[in-house]
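Novice: Starting off with a structure, shown below.
In this note's numbering, the protein residues as written are -7 to 180.
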């Protein structure tokens, strides 16, 4: 056990606490247990990721396609479980597309989707300056920070609405994904 050897070596160095062999053994066992658990968690997380990908494939591709082929949008199993399919929408503005996306929103009459926060930090005893700053900011040498964003649920709702109306959207810029997804509701 390399861990025990290292701990014993360290404990023999000057200014180190003397440690008994059974204490060293316990430390080594706990260190090995931690390493084992970390590896096990990493493995389980990988398995979970794979299972989520498989579920997505079944729920968003295979089952909706099977229902579509039969011309059915809802199906009930013998045990009362209901299988239904409905449209779902996803969109996300990446950091590299943020400027382009906001430009598109503004040019196409959707600037109201953009939230905007402008803030400036002040030191002590600058309360009066802070209250009168808005119009005089640049003249006084302060540099505001600006944050613009569109809430994810607002973006998703906007995309759904626009797609359902048949309006053109910048799919790449907004990372839009439109698909079908099944929902299974167990009987009570």
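For every residue, glycine included, the Cβ atom is placed at its ideal position computed from N, Cα and C.
Taking 7 Å as the threshold (C-beta atoms), are residue 84 and residue 220 in contact?
Specialist: Because residue 220 is not part of the residues shown, which for the chain are -7 to 180, the question remains open.
Novice: If you measure between the beta carbons of residue 55 and residue 177, is that distance less than 7 Å?
Specialist: Taking the first residue of the chain shown as position 1, residue 55 is located at position 63. Taking the first residue of the chain shown as position 1, residue 177 is located at position 185. It is not a contact, given that the beta carbons lie outside the stated cut-off.
Novice: Using the Cα positions of residue 45 and residue 39, report the straight-line distance between them to the nearest angstrom.
Specialist: Numbered from its first residue, the chain shown carries residue 45 at position 53. Numbered from its first residue, the chain shown carries residue 39 at position 47. Each residue's alpha carbon lies about 10 Å from the other.
Novice: State yes or no: is the C-beta of residue 108 within less than 7 Å of the C-beta of residue 140?
Specialist: By one-based count along the chain shown, residue 108 stands at place 116. By one-based count along the chain shown, residue 140 stands at place 148. A contact, by the Cβ cut-off of 7 Å.
Novice: Whole angstroms is fine: what's the gap from residue 164's alpha carbon to residue 66's?
Specialist: For the purposes of this step, residue 164 is taken as residue 172 along the chain shown, with counting starting at 1. For the purposes of this step, residue 66 is taken as residue 74 along the chain shown, with counting starting at 1. Whole-angstrom Cα-Cα distance: 32 Å.
Novice: From residue 124 to residue 118, what distance separates their C-alpha atoms?
Specialist: Taking the first residue of the chain shown as 1, we reach residue 124 at position 132. Taking the first residue of the chain shown as 1, we reach residue 118 at position 126. Their backbone Cα atoms lie some 10 Å apart in a straight line.
Novice: Within the continuous alpha helix (DSSP H) that includes residue 27, where are the two ends?
Specialist: Residue 27 sits at position 35 when you count from the first residue of the chain shown. Counting along the chain, the alpha helix (DSSP H) containing residue 27 begins and ends at 13 to 49.
Novice: Do you know how far the Cα of residue 14 is from the Cα of residue 6?
Specialist: The sequence position of residue 6 within the chain shown is 14, counting from 1. The sequence position of residue 14 within the chain shown is 22, counting from 1. For residue 6, the pLDDT reaches just 48, beneath the cut-off of 50, and the residue's location in the model is therefore unreliable, although a value from the coordinates is still provided. Looking at the two C-alpha atoms, the distance is approximately 21 Å.
Novice: Name the DSSP bridge partner or partners of residue 99?
Specialist: Start at 1 with the first residue of the chain shown, and residue 99 comes out as number 107. Residue 99 pairs with nothing; no bridge assigned.
Novice: Which stretch, first to last residue, makes up the alpha helix (DSSP H) that contains residue 178?
Specialist: Counted from its first residue, the chain shown places residue 178 at position 186. No alpha helix (DSSP H) holds residue 178; DSSP gives it neither H nor E.
Novice: Would you list the one or two residues that DSSP bridges to residue 74?
Specialist: Translated into positions along the chain shown, residue 74 becomes position 82. 68, 177, per the DSSP bridge assignment.
Novice: Report yes if the CB atom of residue 106 is closer than 7 Å to the CB atom of residue 142, and no otherwise.
Specialist: Sequence index remark: in the chain shown, residue 106 carries index 114 (1-based). Sequence index remark: in the chain shown, residue 142 carries index 150 (1-based). Yes, the Cβ-Cβ distance between residue 106 and residue 142 is below 7 Å.
Novice: Could you please give the first and the last residue of the uninterrupted alpha helix (DSSP H) stretch that includes residue 244?
Specialist: A question about residue 244 goes unanswered here, because the residues of the chain that appear run from -7 up to 180.
Novice: Could you pull out every residue in the same chain whose Cβ sits closer than 8 Å to the Cβ of residue 60, ignoring the five residues on either side in sequence?
Specialist: The residue labelled residue 60 in the question sits at position 68 within the chain shown. Excluding residues within five positions, the ones whose Cβ falls inside 8 Å are 77, 172.
Novice: Starting from residue 146, trace the alpha helix (DSSP H) in both directions and tell me its first and last residue.
Specialist: Here residue 146 refers to the residue found at position 154 when the chain shown is read from its first residue. 144 to 157 is the span of the alpha helix (DSSP H), which, as asked, contains residue 146.
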